[in-house]
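Protein chains in written order, with the numbering used here: chain A, 57 to 298; chain B, 2 to 430. Backbone N, C-alpha and C define an ideal beta-carbon position, used for all residues, glycine too. Predicted model only: the values in this text are computed from it and were never measured. Heads up, the thing below is written out as structure tokens.
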């Protein structure tokens, strides 16, 4: 396996506050990698730093063999990295169809119908809602739309920031199922940031644990799930919710 | 009911406070100088009107169980009416000069100018969601571009029109760069300042702009090289077509010029909305972070919105200069920016039809109301109506304010709030 994305010694700051303290992380081609951690550990920051906002102050970010550390955000996102950002951030007044188009247009995808079919196969609900305004969708549907919009750019690497946030267990299951399906059938590489550690570790091939802006543990999903300190810190009370 | 009474009393008290100084006291010029006279009855009538009106409004609203219902109904009705309204308005605008009344054609030209400005600003504010309080700056740049080019190089209107647009677009970029990182209130303040800076520069750069004196003798537009001069000789429209030269010919021609320019603005906007660029503007309005995450170059997207919006402002400015044959900094005050912005907000951000309706109501409506009152006054010989008609311009801003409040209460998202999708899925086999 070759590394699609690798971070080495990456630090990032919000003003004077250091959010990432020398993060090393590798995502191999075709893998689902999850990043778990408590609130404020820097999970979302790490994902945003990959996208160049905030910019990494030290360290290197290499994607597909190229150094992307200093590229502007839009240039990074056009290299077939797609992100479903935290809080979904769909375009509320635009229709579902327009939202999906936005994903395809910017990256210059021309075969929109085929891409649409792929998204509909994954989330049939979106097809029913195609002419509805994005803001009128339920939370779960909005998450589906956010992921669908990201997929419309035909990404090699999909960044997912807390897709389970605020969703009912059944919907979470559906969305995680879709991620697994995507990875299995098309070999899509996924970096998943999650609070829902149990579900995320079960889904992922490998996982990293982030504490106060630094990686403290790494291993396969099953390995991390079995560790007592992980159980104590992130899984207490949540292992039964699945 | 008690609640309604209390509410009505409070409103009446507020009305008393407002109207007592504004209506209750009148300073009249007499032989002994200014004398203060009082109008207690007028104040009493106004306060009573507010009291009764509020009482009715509150008890009526209390009766209807769901206050949201009429809004939805109204919206549906507007949407249905819109289908017929657009062609109707177009035909009316096209046929207006047939009325042969110089007054109506002049008024129509004014309304169309504001419609065009509204449509131009709509790109920036309505589509891209960038609150611009200094739009008049681009209007001024366009007007002065033409006036100065004509004065210095003797260029004609049709040569200068695109140049004025380009220069205004350049001014748009100039404004765009420093404000790229600003949003909302902060953006509004800087654009407001930009509008004022342009005006102050126009006043003080006397060697170029002639300062407050303005530039007079700005040439009129020509029809394929034929002028609308009154001598009716060779090279004039009247001479060419062998008709009597009349001022109305020029007025009607100007009307159709602005009509064409406005339609061009509308057409370009509608086209752009359906292109990825236009969709990116709207996406930017909805969520800037999401745009970045999709790989949209936010910088370029914002700059194009500023530049294209400014360009149409520049076109309108060049037209303004040629119509007035005179430009001075006085025409480009903040109130113009505010009026155009009010038109866009009243009409419904992003709605082309809404902007046209709002401009029609705000610019044309008031003028027509004044005309109507004068007419009634003349026919009835009634001093009350004559007085009302005479004082109406004084209350212009008050009427604007009331209209804005009423529309914002009834339709918080503007007259035409429905958004037409920019793309629909093509029917599949």
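Between residue i and chain A, is any beta-carbon pair separated by less than 9 angstroms?
i, result
"residue 413 (chain B)", "no"
"residue 331 (chain B)", "no"
"residue 426 (chain B)", "yes"
"residue 67 (chain B)", "Summary for residue 67 (chain B): the model assigns pLDDT 48, below 50, so the residue's position carries little reliability; its value from the coordinates is reported in the next sentence. Chain A, which has no Cβ nearer than 9 angstroms to the Cβ of residue 67 (chain B), makes this no."
"residue 70 (chain B)", "Any reading at residue 70 (chain B) must be qualified, since the residue scores a pLDDT of 48, below 50, and its modelled position is unreliable; no value is offered."
"residue 163 (chain B)", "no"
"residue 423 (chain B)", "yes"
"residue 297 (chain B)", "yes"
"residue 294 (chain B)", "yes"
"residue 290 (chain B)", "yes"
Could you have a look at residue i and say whether DSSP puts it in helix, strand or coil?
i, result
"residue 87 (chain A)", "coil"
"residue 225 (chain B)", "coil"
"residue 35 (chain B)", "strand"
"residue 124 (chain A)", "coil"
"residue 26 (chain B)", "strand"
"residue 327 (chain B)", "strand"
"residue 146 (chain A)", "coil"
"residue 8 (chain B)", "helix"
"residue 81 (chain A)", "strand"
"residue 194 (chain A)", "coil"
"residue 86 (chain B)", "helix"
"residue 270 (chain B)", "helix"
"residue 425 (chain B)", "coil"
"residue 409 (chain B)", "helix"
"residue 119 (chain A)", "strand"
"residue 273 (chain A)", "strand"
"residue 247 (chain A)", "strand"
"residue 355 (chain B)", "helix"
"residue 76 (chain A)", "strand"
"residue 297 (chain B)", "coil"
"residue 230 (chain B)", "coil"
"residue 96 (chain A)", "coil"
"residue 185 (chain A)", "coil"
"residue 305 (chain B)", "helix"
Ignore the nearest five residues each way along the sequence and tell me which others in residue i's own chain have a CB closer than 8 angstroms to its CB.
i, result
"residue 44 (chain B)", "17, 20, 21, 24 and 25"
"residue 114 (chain A)", "65, 66, 67 and 78"
Kindly indicate which residue of the options has the alpha-carbon position closest to the one of residue i.
i, options, result
"residue 209 (chain B)", "B:329, B:30, B:224 and B:83", "B:329"
"residue 400 (chain B)", "B:412, B:343 and B:349", "B:343"
"residue 402 (chain B)", "B:82, B:239, B:216 and B:339", "B:339"
"residue 62 (chain B)", "B:371, B:27, B:410 and B:350", "B:410"
"residue 416 (chain B)", "B:349, B:363 and B:280", "B:349"
"residue 153 (chain B)", "B:85, B:252, B:219 and B:372", "B:219"
"residue 289 (chain A)", "A:95, A:76 and A:126", "A:95"
"residue 142 (chain B)", "B:321, B:231 and B:361", "B:321"
"residue 420 (chain B)", "B:91, B:98, B:118 and B:128", "B:128"
Is there a Cβ from chain B that is less than 9 angstroms from the Cβ of residue i?
i, result
"residue 119 (chain A)", "no"
"residue 200 (chain A)", "no"
"residue 159 (chain A)", "yes"
"residue 70 (chain A)", "no"
"residue 129 (chain A)", "yes"
"residue 162 (chain A)", "yes"
"residue 111 (chain A)", "no"
"residue 170 (chain A)", "no"
"residue 88 (chain A)", "no"
"residue 149 (chain A)", "yes"
"residue 219 (chain A)", "no"
In the DSSP assignment, the beta strand (DSSP E) including residue i goes from what residue to what residue?
i, result
"residue 217 (chain A)", "213-217"
"residue 262 (chain A)", "262-267"
Residue i lies in the alpha helix (DSSP H); which residues open and close that run?
i, result
"residue 104 (chain B)", "103-122"
"residue 137 (chain A)", "Counting along the chain, residue 137 (chain A) falls outside any alpha helix (DSSP H), though it belongs to the beta strand (DSSP E) covering 137-140."
"residue 37 (chain A)", "The question about residue 37 (chain A) has no answer, for chain A in this structure spans 57 to 298."
"residue 241 (chain A)", "225-242"
"residue 69 (chain A)", "Careful: residue 69 (chain A) lies outside any alpha helix (DSSP H), inside the beta strand (DSSP E) at 59-70."
"residue 133 (chain A)", "129-133"
"residue 158 (chain A)", "152-162"
"residue 340 (chain B)", "335-348"
"residue 166 (chain A)", "Looking at the DSSP string, residue 166 (chain A) is not in any alpha helix (DSSP H), and its letter there is neither H nor E."
Suppose the cutoff is 6 angstroms on Cβ atoms and the five residues either side in sequence are ignored; what does the same chain contact list for residue i look like?
i, result
"residue 168 (chain A)", "160"
"residue 220 (chain A)", "228 and 252"
I'd like the list of long-range same chain contacts for residue i, defined as Cβ closer than 7 angstroms, with 5 residues on each side in sequence excluded.
i, result
"residue 368 (chain B)", "108"
"residue 201 (chain B)", "none"
"residue 227 (chain B)", "236, 237, 238 and 241"
"residue 78 (chain B)", "none"
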